[in-house]
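Trainee: Before anything else, here's the structure in question.
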Amino acid sequence: MQEYENFVDSPKCESELCNIDCGLLRNADQIIEQQRTFITESESSSSEKKRKTLLVFTNYLSVGDQCIVLTTVRDMSTFIELEQQKNMSALKTVAFASAAHEFRNPLNAIVSSLALLEQMIDHQKCGRYFKVAKDCSDLMVFLVRDILDFSQIESKSLILDYQSTNVLKFIKECASVFKQKAFEKGISLQIQDDEYWPNCLKTDQNRAKQIIINLLSNALKFTQRGYVRISSIVEIQQKKIGIVIEDSGVGMGKCDIDRLFTPFTKIVQTRQLNRDGVGLGLTISKNLAQALGGDLQASSTPGQGSTFILWLPMSVRDILEYEEHIECIQQMNYQAQLTTEGNYQSVDQQYTKLARRQ
Numbered sequence: 023m024q025e026y027e028n029f030v031d032s033p034k035c036e037s038e039l040c041n042i043d044c045g046l047l048r049n050a051d052q053i054i055e056q057q058r059t060f061i062t063e064s065e066s067s068s069s070e071k072k073r074k075t076l077l078v079f080t081n082y083l084s085v086g087d088q089c090i091v092l093t094t095v096r097d098m099s100t101f102i103e104l105e106q107q108k109n110m111s112a113l114k115t116v117a118f119a120s121a122a123h124e125f126r127n128p129l130n131a132i133v134s135s136l137a138l139l140e141q142m143i144d145h146q147k148c149g150r151y152f153k154v155a156k157d158c159s160d161l162m163v164f165l166v167r168d169i170l171d172f173s174q175i176e177s178k179s180l181i182l183d184y185q186s187t188n189v190l191k192f193i194k195e196c197a198s199v200f201k202q203k204a205f206e207k208g209i210s211l212q213i214q215d216d217e218y219w220p221n222c223l224k225t226d227q228n229r230a231k232q233i234i235i236n237l238l239s240n241a242l243k244f245t246q247r248g249y250v251r252i253s254s255i256v257e258i259q260q261k262k263i264g265i266v267i268e269d270s271g272v273g274m275g276k277c278d279i280d281r282l283f284t285p286f287t288k289i290v291q292t293r294q295l296n297r298d299g300v301g302l303g304l305t306i307s308k309n310l311a312q313a314l315g316g317d318l319q320a321s322s323t324p325g326q327g328s329t330f331i332l333w334l335p336m337s338v339r340d341i342l343e344y345e346e347h348i349e350c351i352q353q354m355n356y357q358a359q360l361t362t363e364g365n366y367q368s369v370d371q372q373y374t375k376l377a378r379r380q
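In the working numbering, the protein residues as written are 23 to 380.
In structure tokens, the structure reads:
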């Protein structure tokens, strides 16, 4: 017992236990008398004036004729900081969601009123102001929707509606939204290899479209000239499809890609290119992709463009239908090739007959 009390009073105890109040350890008599474990929470201040929260476990052990008091000190500071950050993040999510809900109703009223006014106003006199009001209201609706989606993802209350859908059809619907914008910027918006897209995919079509629309919006936003291409990759063995969005825009460096999916992150800070949004679009898109059982990947080269791949899982039935679809295409191509070769042979024979007559 004397050895234990001497250790408690020693400088070694102060250094090893981070300057905790060693009075917490001076209960050896009580421990031995009651023969039980004491758990005490304490705060300490190191030489750097950083406060720490320590959890002190004091146990009584009896080994033969000896009585041993075992004291364990656990630094809980990091754990508590993480919990505080989680709580702060949850509070921010609730605050954003509450604000978005409050904004949504008056915004819907503004959008509806503008839709009615569009047919009534003199566009020559005030059309420019009307367009500004409409564009701003549409942007606000878009931001509110993003915040609500983000809050649903954070609170794990996202509801998905899985249905069999035609992939190429909803891809064309997404592309049609940006057809006029691409034309105005002189950018080629292409859907490649139409016939090789799967006919069916069981997924939440609305959420998948939301991801594609966000990716196309970013691709057109950061592309000043060149192209935006949409194509597909089917991994039969891994039972998944990749929807590829490729552009010839400004591109990004590796350090930017590493933080690309962080909430409220805007990679391109040029005001001319990055006027809209709050930096939630790609975060929401990646979370939605993962909620659908897939993923969202990005690769890019500064000055050369970016490529995003939305991976979505395919069921066994989807794979079988895709294989049948590809087999039909191959047969049609083979028959077309035979027909073409037959036509060439027929033409050659006719030329030969004419030559003989001459």
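All residues carry an ideal CB built from backbone N, CA and C; glycine is no exception.
Assign Y344 to one of three DSSP states: helix, strand, or coil.
Mentor: helix
Trainee: Check whether the segment 264-274 touches the segment 328-336, counting contact only when three or more Cβ pairs, one atom from each stretch, lie closer than 8 Å.
Mentor: Counting Cβ pairs under 8 Å, three or more are found: they touch.
Trainee: Per DSSP, what are the beta-bridge partners of S254 in this structure?
Mentor: I265
Trainee: Taking its Cβ as the centre, do 16 or more other Cβ atoms sit within 10 Å of Q353, making it buried, or is it exposed?
Mentor: Q353 sits exposed, since fewer than 16 C-beta atoms from the chains shown fall within 10 Å of its C-beta.
Trainee: Helix or strand or just coil, what does DSSP make of P285?
Mentor: coil
Trainee: Determine the closest residue to E195 out of K207, Q212 and E206, with distance taken between C-alpha atoms.
Mentor: Q212
Trainee: With DSSP run on the structure shown, which of helix, strand or coil describes L360?
Mentor: helix
Trainee: Compare the C-alpha of H347 against each of I181, M98 and E217 and name the closest.
Mentor: E217
Trainee: Which of the three DSSP states is assigned to L314 in this structure?
Mentor: coil
Trainee: Determine which residues share a DSSP beta bridge with I209 and list them.
Mentor: Note: I209 sits in no beta bridge, so no partner.
Trainee: In whole angstroms, what separates the C-alpha of T361 from that of C350?
Mentor: C-alpha separation (whole angstroms): 16 Å.
Trainee: Is the number of C-beta pairs between the segment 241-257 and the segment 201-209 that are closer than 8 Å three or more?
Mentor: yes
Trainee: Thinking C-beta only, is V95 closer than 9 Å to L76?
Mentor: yes
Trainee: Considering only the alpha carbon of each residue, which of V154, Q232, D183 and F205 lies closest to F192?
Mentor: Q232
Trainee: With respect to the alpha helix (DSSP H) encompassing F164, which residues constitute its N-terminal and C-terminal limits?
Mentor: H145 to E176
Trainee: Which residues does DSSP list as the beta-bridge partners of I331?
Mentor: When beta bridges are read from the DSSP output, I331 appears opposite V266 and Q319.
Trainee: In whole angstroms, give me the CA-to-CA distance for R247 and N188.
Mentor: 31 Å
Trainee: Compare the beta carbon distance of S177 and L129 with 9 Å and say whether it is the shorter of the two.
Mentor: no
Trainee: Note down, in chain order, each residue of its chain lying with its Cβ closer than 6 Å to the Cβ of K156, except the 5 sequence neighbours on either side.
Mentor: Correct list, in chain order: L136.
Trainee: Using a Cβ-Cβ cutoff of less than 7 Å, which residues in the same chain neighbour T174 once the five nearest sequence positions on both sides are dropped?
Mentor: It is worth fixing the name first, because residue 174 is Gln in this sequence and not Thr. Correct list, in chain order: L180.
Trainee: Quick check on Q227: buried or exposed, where buried means 16 or more other Cβ atoms within 10 Å of its Cβ?
Mentor: buried
Trainee: Write down the C-beta distance between G316 and G273 rounded to the nearest angstrom, noting that I regard them as a contact closer than 8 Å.
Mentor: No, G316 and G273 are not in contact; Cβ-Cβ is about 24 Å, not under 8 Å.
Trainee: List the endpoints of the continuous beta strand (DSSP E) containing V400.
Mentor: What the structure shows of the chain is the stretch from 23 to 380, and residue 400 is not part of that stretch, so it cannot be assessed.
Trainee: Beta-carbon separation of V163 and F200 under 9 Å?
Mentor: No; because the gap between Cβ atoms is not below 9 Å, this pair is not in contact.
Trainee: Could you compute how far the alpha carbon of V91 sits from the alpha carbon of N81?
Mentor: 6 Å
Trainee: Can you look up N81 in the DSSP assignment and give me helix, strand or coil?
Mentor: strand
Trainee: Tell me which same chain residues have a C-beta within less than 6 Å of the C-beta of T329, skipping the five on either side of it?
Mentor: E268 and S321
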